[in-house]
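Remarks on the structure that follows.
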Amino acid sequence: MGTEKTAAADPQAAMFEPAGWDERYAGKDAAWRGTPNPQLVAVAEGLRAGRALDIGCGEGGDVIWLARQGWTVTGADFSAEGLARAARHAEEAGVAERTDWWRTDARAFTAGGRTYDLVTTHYLHPPNGAMVDLVRQFAGAVAPGGHLLVVGHSPTAHFTELTEAHRRAMFLAEELVPGLPDGFEVLAARQRPRTLVREGQEVEVEDSTLLARRRPE
């Protein structure tokens, strides 16, 4: 509705809309590598497997890794093409019975009474600083005693080719803390270094990483 009009008026806004990601995932050169995000691995390896929700799951790399560790995982994304690819990858990995898929736009996310032991999202970057509000929404899906992990690109990252719209969508971890409801304790809110290989060159970037725990009732 309103977002579609915005995308039509501003070509840069299209990168935040489902159609743009459907086009990307429909291509032959989709970004599937099958490897989980390192910040997720660092956190989840210290947790007991339970029910997990990955918001903005894309082609399902994190979902499949969690399922292989014994978690029952829901992958959520607004791209139908991305979810279709993710489901195929889960079948190929032999973990389809531990996964399910939910098409939803993170910007309008509501838990609908469902709760999870781990809610995670990686590199979800809504425009104009909206991530603080989304953290509040995502926290509503965390079960008592469960964890919320939010990872994104720091605005200090050396992505020189990015548009200004991309940069406005980035955040520092501590900027997300006000989005946490009462009853959450912050376990980590910091920028963590990561090495990327881009066009054959190693590039040092920073991940903004917020890890919080909902206190048991």
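Per UniProt numbering, residue 1 is the first one in the sequence shown, and the count goes up by one each step. Ideal placement from N, C-alpha and C gives every residue a C-beta, glycine not left out.
query	result
Beta-carbon contacts of residue 219 that lie in its chain and below 7 Å, excluding the five residues immediately before and after	Within the shown structure, residues of the chain are numbered from 1 to 217, placing residue 219 beyond reach of any answer.
Inter-residue spacing [alpha-carbon to alpha-carbon] between Leu-40 and Asp-62	8 Å
Counted within 10 angstroms of its Cβ, other Cβ atoms place Val-151 as buried (16 or more) or exposed	buried
Alpha-carbon to alpha-carbon, Thr-35 and Gln-201	19 Å
Test item: CB-CB of Arg-194 and Asp-207 under 8 Å	yes
Inter-residue Cα distance where the pair is Leu-124 and Ala-212	17 Å
Per-residue burial, Asp-182 [other beta carbons within 10 Å of its own, 16 or more giving buried]	exposed
Inter-residue Cα distance where the pair is Leu-196 and Leu-172	19 Å
Residue burial classification, Leu-176 (beta-carbon count within 10 angstroms, cutoff 16)	buried
According to DSSP, residues forming a beta bridge with Ala-52	Val-73 and Leu-118
First and last residue of the uninterrupted alpha helix (DSSP H) at Gly-82	80-93
Neighbour-count burial assignment, Glu-81, 16 or more Cβ in a 10 Å radius	buried
Neighbourhood of Met-1 by C-beta distance below 7 Å, restricted to the same chain and skipping five residues each side	Confidence is the limiting factor: at Met-1 the pLDDT is only 31, short of 50, which leaves the residue's position unreliable and the question unanswerable from this model.
Secondary structure of Asp-62, DSSP reduced to three states	helix
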